[in-house]
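Using my numbering, you'd call the opening residue of the sequence shown number 7 and step up by one each time. Backbone N, C-alpha and C define an ideal beta-carbon position, used for all residues, glycine too. Contents: one structure, followed by commentary.
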Amino acid sequence: MPAPISPEPDYAALAAFRQALRGFTAFSEAAARAAGLTPRQHQALLAIKGAPTPPSLGALAEQLLIRSHSAVELIDRLGQLGLVDRRADPADHRRALLALTPRGEAVLRALSQAHARELEAIGPTLARLLARFGGG
Numbered sequence: 007m008p009a010p011i012s013p014e015p016d017y018a019a020l021a022a023f024r025q026a027l028r029g030f031t032a033f034s035e036a037a038a039r040a041a042g043l044t045p046r047q048h049q050a051l052l053a054i055k056g057a058p059t060p061p062s063l064g065a066l067a068e069q070l071l072i073r074s075h076s077a078v079e080l081i082d083r084l085g086q087l088g089l090v091d092r093r094a095d096p097a098d099h100r101r102a103l104l105a106l107t108p109r110g111e112a113v114l115r116a117l118s119q120a121h122a123r124e125l126e127a128i129g130p131t132l133a134r135l136l137a138r139f140g141g142g
């Protein structure tokens, strides 16, 4: 059974947790830019690779919490960079499914390895902070 929520929030823990998350976000954004991508482009590559089946543009838009026309522009740019392909959905040829190209796979693999190392480094801090909220 989860621990009851304290009537007085642990402001220091909340502040430290937000700082740790922001630090990871800053790391992630810098790593994406160093790889020649925007943070949103990196998120799109990760969402495409992490989907259980090849996603459509609409599914990607939902995953990234963006409008479908923004997803189209994002995928157009990733296509121009040679990182993403659109393929006709065999079940509905009016719909395009997204897949990473070999180059996209390589870029994402390098970024993901760097992110895994960063998470390994900050994991104990995040776990300690989460435990202060009864989550660990």
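Here residue 49 has 70 as same chain residues with Cβ atoms under 8 Å from its own Cβ, once five neighbours each way along the sequence are excluded.
By a beta-carbon distance limit of 8 Å, residue 113 contacts residue 41. Their separation comes to about 6 Å. In the structure shown, residue 117 adopts helical secondary structure according to DSSP, grouped into three states. Counting the other Cβ atoms within 10 Å of the Cβ of residue 25 gives fewer than 16, which makes it exposed. With contacts defined by Cβ atoms closer than 8 Å, residue 117 and residue 22 do not form a contacting pair.
Residue 106: member of the beta strand (DSSP E) spanning 98-106, first to last residue. CA-CA distance, residue 15 to residue 126, rounds to 28 Å. At a Cβ-Cβ threshold of 8 Å, residue 103 and residue 90 do not count as neighbours. DSSP places residue 93 within a strand segment (E or B) once states are collapsed to three. Of the candidates 109, 18, 64, 109 places its Cα closest to the Cα of residue 43. Membership of residue 23 in the alpha helix (DSSP H) is indicated by the continuous run 17-40. Annotation: residue 134 to residue 29 spans about 16 Å, alpha carbon to alpha carbon. About 5 Å separates the CB atoms of residue 77 and residue 63; that is less than 8 Å, so the two are in contact.
In this model, residue 72 and residue 59 are separated by some 20 Å (Cα to Cα).
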